[in-house]
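Residue 1 is where the sequence shown starts when you use UniProt numbering, and the numbers rise one by one after that. Comments concern the structure below.
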Amino acid sequence: MKTSLAESLIGLRVSRETVEKLEHFGALFQKWAKSINLVAPSTIEDLWRRHIVDSLQIFQLSPAPKAWVDLGSGGGFPGVITAICLSELGDGWVHLVESNNKKCAFLRVALNETGARGSVHPIRIENASAIIPRCDAISARALADLSQLLDYFAPWMLGEGANAVAFFHKGRDYQQEIDKAVSRFQFDLVKHASVVEPDSVVLEIANLSRRTK
Ligand SMILES: C[S@@+](CC[C@H](N)C(=O)[O-])C[C@H]1O[C@@H](n2cnc3c(N)ncnc32)[C@H](O)[C@@H]1O
Numbered sequence: 001m002k003t004s005l006a007e008s009l010i011g012l013r014v015s016r017e018t019v020e021k022l023e024h025f026g027a028l029f030q031k032w033a034k035s036i037n038l039v040a041p042s043t044i045e046d047l048w049r050r051h052i053v054d055s056l057q058i059f060q061l062s063p064a065p066k067a068w069v070d071l072g073s074g075g076g077f078p079g080v081i082t083a084i085c086l087s088e089l090g091d092g093w094v095h096l097v098e099s100n101n102k103k104c105a106f107l108r109v110a111l112n113e114t115g116a117r118g119s120v121h122p123i124r125i126e127n128a129s130a131i132i133p134r135c136d137a138i139s140a141r142a143l144a145d146l147s148q149l150l151d152y153f154a155p156w157m158l159g160e161g162a163n164a165v166a167f168f169h170k171g172r173d174y175q176q177e178i179d180k181a182v183s184r185f186q187f188d189l190v191k192h193a194s195v196v197e198p199d200s201v202v203l204e205i206a207n208l209s210r211r212t213k
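And the structure:
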């Protein structure tokens with residue numbers, strides 16, 4: 001049922017083993033969400049569509065990355081879902097950056113129990129690039145507006161040897177966020193329609209540079 005939802009929405013192409021890991025993650029999430037606030041409670045009923053498939057669509061869009069940074073990972077979307085999918089490839093690693101200790105505890109359990117390829121950094125985003133110097137892919141969901149996200153991710157997208165591709169979930173006001181961001185940055189942009197929310201998109205951003213005044 002859940003697998004067929006993912007198949008019908010995104011043409012899910014992962015093994016039975018990965019689907020079992022995603023289902024195990026879903027069960028863990030439901031258990032932990034009773035005691036800590038991992039997502040808006042009203043969305044937990046629709047966990048697979050609103051959160052798991054929403055995260056899977058990012059993985060489907062990305063090339064096979066060696067190192068991935070997910071900022072403000074919260075309850076694991078999209079970072080843990082990506083790390084579970086990478087475990088199938090047997091390569092690549094997801095760095096989850098999250099400052100809330102309770103959420104970090106959940107993220108560690110989720111990675112351990114699913115055997116996912118990732119690690120948890122219980123730090124502020126502002127300090128993350130000193131610990132994670134390089135990556136090829138980047139994600140953040142429900143963290144900040146696009147301009148702020150580009151400031152957060154600049155260490156991995158700008159400058160010598162830094163050319164990570166970013167995948168950001170954005171809601172219906174995404175065009176306003178793009179218009180604001182282009183006053184400060186230049187970048188290549190692909191807008192992917194979200195498979196789970198009709199007015200939403202995933203923004204794929206590459207070749208970032210700052211505008212000079
Ligand atoms: C709204 S939640 C989104 C969580 C998850 N990405 C999702 O879509 O469900 C934002 C998360 O970012 C974390 N966060 C916000 N600012 C941060 C910062 N400066 N450093 C580290 N984590 C931060 C919060 O603790 C929170 O868990």
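Backbone N, C-alpha and C define an ideal beta-carbon position, used for all residues, glycine too. Since the model is a prediction, treat every value here as computed from it, not as a measurement.
Check the Cα spacing between Gly75 and each of Val69, Trp93, Glu88, Gly26: the tightest is with Gly26.
One alpha carbon belongs to Asn127, the other to Leu71, and they sit about 11 Å apart. Minimum Cα-Cα distance from Val69 among the listed residues Ala33, Glu113, Leu28, Tyr152 corresponds to Tyr152. Counting C-beta pairs closer than 8 Å gives three or more between the region 44 to 56 and the region 183 to 203, which meets the contact rule. Short note on Lys103: C-beta closer than 7 Å to some heavy atom of ligand 1.
Within the model, the alpha-carbon separation for Ser42 versus Ala110 is close to 22 Å. Bridge partners of Asp188 according to DSSP: Ala206. Going by DSSP, Leu71 is part of no alpha helix (DSSP H) but of the beta strand (DSSP E) stretching over 67 to 71. The C-alpha of Gly159 is placed about 19 Å away from the C-alpha of Phe167.
Counted as a single uninterrupted DSSP element, the stretch harbouring His51 is not any beta strand (DSSP E), since DSSP gives it neither H nor E. Of the residues Ser35, Gly92, Glu113, Asp46, the one whose Cα lies closest to the Cα of Glu20 is Glu113.
Here the region 170 to 184 makes contact with the region 142 to 152; the two share three or more CB pairs at distances below 8 Å. Within the region 59 to 146, the runs of beta strand (DSSP E) that reach at least 3 residues and sit entirely inside it are, in chain order, 67 to 71, 93 to 97, 118 to 121, 137 to 140.
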